[in-house]
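So the sequence lines, in the order shown, correspond to chains Y and R. Using our numbering, the first residue of the first sequence is number 34, and each one after it goes up by one. Using our numbering, the first residue of the second sequence is number 306, and each one after it goes up by one. Each residue gets a CB set at the ideal place from its N, CA and C atoms; glycine is no exception. Structure first, then comments.
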Amino acid sequence: MIPFQYVKPSKQKAAIDTVAKDDTAMFIAGGTNLVDLMKRGIMNPEKLVDINKLPLRKIEKEDGHVRIGALALNGAVAEDKLILEKHPLLSQALNAGASAQLRNMATVGGNIMQRTRCNYFYDTNLPCNKREPGSGCGALQGFNRMHAIFGHSDKCIAVNPSDMNVALVALDAVVLVSGPKGDRRIPFAEFHRLPGDTPQIHTNLQKGELITAVDIPEHPYTKHVNYLKVRDRTSYAFALVSVAAALDLDGSNIKSARLAMGGVAHKPWRLQEAEQFLAGKPATEASFRQAAEIAMRGAKAFEHNQFKLKLGPNTIVQALKNAAAAV
Amino acid sequence: MRQQPCNPSHFMKEYFFQDNMGKPMDRVDGRLKVTGGAKYSAEFELPNMSHGVLVGSTITKGRIKSIDTKAAERAPGVLAVLHYQNSPKVPGYVQAAHPTEPKPIGQQHRVFYDEQVYFNDQPIAIVVADTLERARYAARLVKAQYEEEKHATSFPKHQGKAFLPTAAQRNPKHGLNDYVRGKADAYKGENLKIESEYVIPSEMHNPMELQSIIAHWEAPDRLTVYDKTQAVIGSQNAFAREWKIPVENVKVIATFVGGAFGNGLHTWPHETAAIIAAKKVNRPVKLMLTREQMFTMVGYRPFAWQKVGMSATPDGKITAITHEAIGQTSSYEEFTESTLQQTRMMYTSPNVTTRYRILPLDVSTPIWMRGPGEATGAFALESAMDEMAHVLKMDPLEFRLKNHTDRDPERNLPWSTKFLKEAMLMGAEKIGWNKRQLQPGSLRNGDWLVGYGMGVGTFGAHRNRASAKATMFADGRVVIQSATTDIGPGTGTVMVQIAADALGISPDKIIFELGNSLFPPAPSQGGSATVASVGSAVRDACIALKKKLASLTTGNADSGFRNAKYEDLTFQNGQISLTSSPGTKLSYTDVLKQQKLPEIEVTEESRPSNEERQKYSMYSFSVHFAEVQVHQLTGQVKVTKVVTCADAGKIVNKKTAGNQMIGGAVGGIGMALTEGAVIDDRFGRYVTKDFAEYHIPVHADTPDIDVVFVDKPDFINNAMGTKGIGEIAIIGVAPAITNAIFNATGKRINELPVTPDKLI
Ligand SMILES: Cc1cc2nc3c(=O)[nH]c(=O)nc-3n(C[C@H](O)[C@H](O)[C@H](O)COP(=O)(O)OP(=O)(O)OC[C@H]3O[C@@H](n4cnc5c(N)ncnc54)[C@H](O)[C@@H]3O)c2cc1C
């Protein structure tokens, strides 16, 4: 960790201006990701702008959507009545992440922005194009058990580690941001990027832009939902593969479905073709299996993550089964 | 089961089995621990303290060409930056080519000795500053240039280069030599046989408390350290030798140890580095490793490859076992462990062959990790037992009972005690073993396949020389001191129980002090030997104290005890009475008051009897049963129940002993399902260096664990009847779980850990 300045403005504009103007400044919310990265010398901000004084903590029902403030805590969102009632998939995804202690510190904005857990990104003595553009991708020929099977490039095969993001992309959430040039709304699916040739840029957020809230539009997926996370230990581990599944059922027929995966790509991975396939099909294991096969089209694995080609579809099937059976 | 030979002379008169032995007494330090009152090494504050941070090498093998410390030296608060070029010389370093012979205590790596790099993250410099933050920052500014050499860190790639440990090559009688009973590799010619290979990755101890030390030179030849160690005397000797100062000039304090599992059994580079730094800056230096450093320089359970061949008769009698093992070590030290010991003594088999080899790699030296060697060996042997039983279409419990042995077949001696059969039957009953089906994949619970498995463990019931000092004060308080440590098993608590019974006073009058090298010497807390060793010393000191009380009483003309002999007296409830006339009594406090003595004091040393150890084979035994569920689609494993049973002699405290068994079972779950450290061989560097990547089990991985104790004393081992628990708690747990997974799924995964990807 390098010596840094710390400020805690109470005005949103001041916070944004500080970060927009200063190349070395960063926002800090719960600090559960950023402080770790600073300790290891992976991120070295010279100024931290603590946003915890900003009034961005509310979870409210508004016209056509629920709005979650960027500073709402992961734990608070997961247990919120409105969320449990309207967006139980989000609640399940949040509870599958980290530990109770971390969820009580971590914010929604910070969770969206958390960096990859790639082993090579995490060690400043190993190559990583994301941390040090041009140094090479350590994982490509290295230990890549946790890595991507979709959307990777030869520059980077890291995955987005968030559970919450998988539910948010499935639910068509929108990220509200405010920046030096004003406010804008970014659909969740367009918020994170694929690595391409610039893996160092991990989202489409511009310098100085602050996430203020997330909107989740109304949807019918309030009952038949499941977030299934397969991991190396039962709790407190990142996903090998996770699946957010939501079904709108008419008896035993599927009216519509939402499906997304975590642990497989540089961004939360929405499976729209599989969703379309499921619409109008009977909610049976056979339909789920076919949808899973569609979902896996184009997947390409590496030395240590071949298993994801099988675990991925299996997890999709199981998550859909769980969702269909949910009462 | 056959009656064990019992020598009545072992039932010593002093031993009453009074109220306290066996009681689930609360930990004497429990309150301190949960209220933050317990002080661990790094929590001590000394005047003028400074802070050290290590800089690790970024290459795996080669030479340091140059080291640039200018920026670090200029950084605020920095007091010194030390490395091989400017470090104060450590007089005790061996001045030869890098030594490779193993050392019983201390360690071979000479930190800041020369420009050689032997493993990745080897400490190459220490930065000392006035605050931790400043030291940490400056440490990042140190830059080294290297001349890199080709390294070897992949075990499988280099497996062919394994060899017999030098100690065994030199001495044909050494226990690590090849062993043949009957005919070598006899299983090969048999019809009913199995042959399998097993791989266990390196596992890190990762106790909660990070390795830390405060080094303080109180004078140029007087060193005090607050150190995380399992061996205050061992560390004292190691540091005295390193600095060529008298042993009594070195004081080592380890009042509380926050878990260790073996990695506090040696001294390590960071300790010497802090001592060097304290010498240079002439201030106390505090150094605490980071979690990442805990992976690279303080030992680990070595990567191991094993192969077992076994044959049996159709009715289930084992005819031959061959067990081979290769363990990883460093390039500068030959670390060995007794991986194959149990294969030679656990089952009746006329033909047994074992071969042990080591494979030096460019890594730091391993160190014993809970159930060292045996836990590794048991994974192979107990998996093979399950495989053999499956081939024979026999229940694995029945198979083990059929091959149970009432004498040690290796040494051809009787056991001091062995109640493994009882333990097996008790455990089988408790887990509901009768639900187990011979055919794998027969039981299910919805999408989950259900299976049952078992594994047996054993570990030598060791006892070592130890001493203790007991002081009784006129107000009735007793303080007992011994230079042992308590890394978590509850040593402080059971010593109070042992003393309370030996003295015939209430436990709340007794204080047991440990973790200080000024106290009478005791061995390191390792090898499950503390109760047998230190407990015996405590007991002997208490008996000596009673004898002293007796002599004060019987020598007193006025007392009713005149001319009574020690043997005529009863010591109970803080009083001495005449056994023949219980009305004649005197309290201990009155004895001291009458004699106007503020206190009486004794120091006793207690040793195991070599003669008994020649006549009997002494082992603790355990058997573990697991019920697991495996998800058919996702490969997730849920351990739904564990029953863990110990034949560990008399149980002094059911609560702390139960705690040991539960902790061992959790460790075994980690070994079976989650733990494994990974090196990227291209760089020779660990890529799993924190708790997000190296998975120790969490509560959600841990089911209800039932603990069963046979609780039958072994008076041949020691007068309290105890045998060790710490190691057998984990030995055999991993195969119980993997055998259960086989029973559930029909899949035999012999490469640990069994993560979901291996089961789909
Ligand atoms: C041991 C461990 C295990 C974990 N396991 C999981 C897991 O299983 N699943 C999972 O999903 N997550 C897991 N996490 C990650 C955790 O969810 C994140 O650390 C947390 O969500 C980050 O939130 P924060 O508020 O603490 O962010 P901070 O650390 O404060 O910030 C993270 C980043 O977000 C930026 N930022 C924060 N708020 C804003 C904002 N409003 N606008 C713009 N930028 C912002 C910061 O500048 C920084 O770059 C784990 C973390 C740890 C330490």
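Exercise for the section: Could you tell me which residues DSSP puts in a beta bridge with serine 501(R)? Expected result: Answer is Val613(R).
Practice task
Give the straight-line distance between the Cα atoms of tyrosine 345(R) and valine 590(R), rounded to the nearest whole angstrom.
Solution key: Their Cα atoms are separated by approximately 15 Å.
Problem - Any chain R beta carbon closer than 7 Å to tyrosine 39(Y) - result: It does not; no Cβ of chain R falls within 7 Å.
Practice task
With 8 Å as the limit, tell me which residues of the segment 924-946 of chain R have their beta carbon closer than that to any beta carbon of chain Y; keep them in chain order.
Solution key: Flagged, chain order: His936, Leu938, Thr939, Gly940, Gln941 and Lys943.
Practice task
Mind the definition here: the segment 567-579 of chain R touches the segment 636-646 of chain R only if three or more C-beta pairs lie below 8 Å; say whether that holds.
Solution key: Under the three-pair Cβ rule at 8 Å, the segment 567-579 of chain R does not count as touching the segment 636-646 of chain R.
Problem - Cross-chain neighbours of arginine 987(R) in chain Y, by beta carbon under 7 Å - result: Result: Gly175.
Practice task
Taking a Cβ distance cut-off of 7 Å, strictly less, list which residues of the segment 998-1019 of chain R are near chain Y, in chain order.
Solution key: Residues Glu998, His1000, Pro1002, Val1003, Ala1005 and Asp1006.
Problem - Secondary structure of tryptophan 573(R), DSSP reduced to three states - result: It is coil, neither helix nor strand.
Exercise for the section: Below 9 Å between beta carbons is the criterion; list the residues of the segment 271-301 of chain Y that meet it against any residue of chain R, in chain order. Expected result: Within the segment 271-301 of chain Y, the residues whose Cβ lies closer than 9 Å to some Cβ of chain R are Phe271, Leu273 and Val274, listed in chain order.
Practice task
Note down, in chain order, all residues in the segment 331-350 of chain Y with a beta-carbon under 7 Å from any beta-carbon belonging to chain R.
Solution key: Taking 7 Å as the Cβ-Cβ cut-off against chain R, the residues of the segment 331-350 of chain Y that qualify are Phe340, Lys343, Leu344, Asn347, Thr348 and Val350.
Handout entry: Cβ neighbours of proline 220(Y) in the same chain (closer than 6 Å, five flanking residues each side left out)
Key = The answer, listed in chain order, is Val207.
Problem - Contact list for the segment 116-138 of chain Y against chain R, Cβ threshold 9 Å - result: Residues Ser132.
Exercise for the section: Report, in whole angstroms, the separation of the C-beta atoms of valine 907(R) and isoleucine 1046(R), which I expect to be a contact under 8 Å. Expected result: That belief does not hold up - the Cβ atoms of valine 907(R) and isoleucine 1046(R) are roughly 55 Å apart, past 8 Å.
Exercise for the section: Kindly list the residues whose CB is nearer than 6 Å to the CB of methionine 14(Y), restricted to its own chain and excluding five residues on each side of it in sequence; keep chain order. Expected result: The shown model of chain Y, from 34 to 360, leaves out residue 14(Y), and the question about it has no answer.
Handout entry: Extent of the continuous beta strand (DSSP E) to which leucine 387(R) belongs
Key = Per DSSP, leucine 387(R) belongs to the beta strand (DSSP E) from 383-388.
Handout entry: Beta-carbon proximity check, leucine 280(Y) vs leucine 292(Y), cutoff 7 Å
Key = Taking 7 Å as the cut-off, the Cβ atoms of leucine 280(Y) and leucine 292(Y) do not count as close.
Handout entry: Through-space distance from leucine 359(R) to phenylalanine 817(R), alpha-carbon basis
Key = Using only the alpha carbons, I get a separation of about 36 Å.
Exercise for the section: Kindly indicate if chain R contains any beta-carbon less than 7 Å away from that of serine 268(Y). Expected result: So, interface residue.
Practice task
Report the option in Ser392(R), Val395(R), Gln427(R) and Asp419(R) whose CA atom is closest to the CA atom of isoleucine 364(R).
Solution key: Of Ser392(R), Val395(R), Gln427(R) and Asp419(R), the residue nearest in Cα terms is Gln427(R).
Problem - Distance, glutamine 450(R) Cα to lysine 119(Y) Cα - result: When only Cα atoms are considered, lysine 119(Y) and glutamine 450(R) end up about 59 Å apart.
Problem - leucine 730(R) to valine 1015(R) span [Cα, whole Å] - result: About 10 Å.
Exercise for the section: Spatial neighbours of aspartate 490(R) within its chain, please: CB distance less than 6 Å, with the 5 preceding and 5 following residues excluded, ordered by chain position. Expected result: Same-chain partners within the cutoff: Thr627 and Thr658.
Exercise for the section: Closer than 7 Å by beta-carbon distance: list the chain Y residues that pair up with tyrosine 893(R), in chain order. Expected result: Within 7 Å of the CB of tyrosine 893(R), no CB atom of chain Y is found; the nearest one sits about 50 Å away.
Handout entry: cysteine 161(Y) - DSSP class collapsed to helix/strand/coil
Key = DSSP, reduced to helix, strand and coil, places cysteine 161(Y) outside both helices and strands of the structure shown, so it counts as coil.
Handout entry: Rounded separation between tyrosine 320(R) and isoleucine 848(R) - CA only
Key = For tyrosine 320(R), the predicted structure reports a pLDDT of 43, less than 50, and the residue's modelled location is therefore unreliable. The matter cannot be settled from this model.
Problem - Residue of Lys72(Y), His257(Y), Leu89(Y) and Phe37(Y) minimising C-alpha distance to glycine 143(Y) - result: For glycine 143(Y), the nearest C-alpha among the options comes from Leu89(Y).
Handout entry: Close Cβ partners of glycine 632(R) (< 6 Å) along its chain, the five nearest in sequence each way excluded
Key = So the list reads Pro607, Ala609 and Ile663, once near-sequence residues are dropped.
Exercise for the section: Determine the contact status of alanine 200(Y) and alanine 126(Y), defining contact as a CB-CB distance below 7 Å. Expected result: Yes, they are a contact pair.
Problem - glutamate 703(R) burial status per 10 Å Cβ neighbour count (16 or more: buried) - result: So glutamate 703(R) counts as exposed.
Exercise for the section: Would you mind working out which of Ser856(R), Glu350(R) and Glu453(R) sits nearest glutamate 872(R), comparing C-alpha positions? Expected result: When Ser856(R), Glu350(R) and Glu453(R) are compared, the shortest CA-CA separation from glutamate 872(R) is found for Ser856(R).
Exercise for the section: Pull up the CB-CB distance for valine 971(R) and arginine 266(Y), whole angstroms please, since I reckon it's below 8 Å. Expected result: Rounded, the Cβ-Cβ distance is 12 Å, inconsistent with contact.
Problem - Within chain Y, the residues that arginine 445(R) reaches when beta carbons sit closer than 7 Å - result: Residues of chain Y passing the Cβ test: Gly74.
Handout entry: Burial state of lysine 455(R), where buried means 16 or more other Cβ atoms lie within 10 Å
Key = Lysine 455(R) should be labelled exposed.
Handout entry: Cβ contact (3+ pairs, closer than 8 Å) linking the segment 314-326 of chain Y and the segment 159-177 of chain Y
Key = In this structure the segment 314-326 of chain Y does not lie against the segment 159-177 of chain Y, because fewer than three pairs of beta carbons, one per stretch, are closer than 8 Å.
Problem - Run of the beta strand (DSSP E) containing tyrosine 637(R), from where it starts to where it stops - result: Annotation: tyrosine 637(R) is outside any beta strand (DSSP E) and is labelled neither H nor E by DSSP.
Problem - Proximity test, Cβ basis, 7 Å: threonine 365(R) and chain Y - result: Not closer than 7 Å to any Cβ of chain Y, the Cβ of threonine 365(R) fails to qualify, so no.
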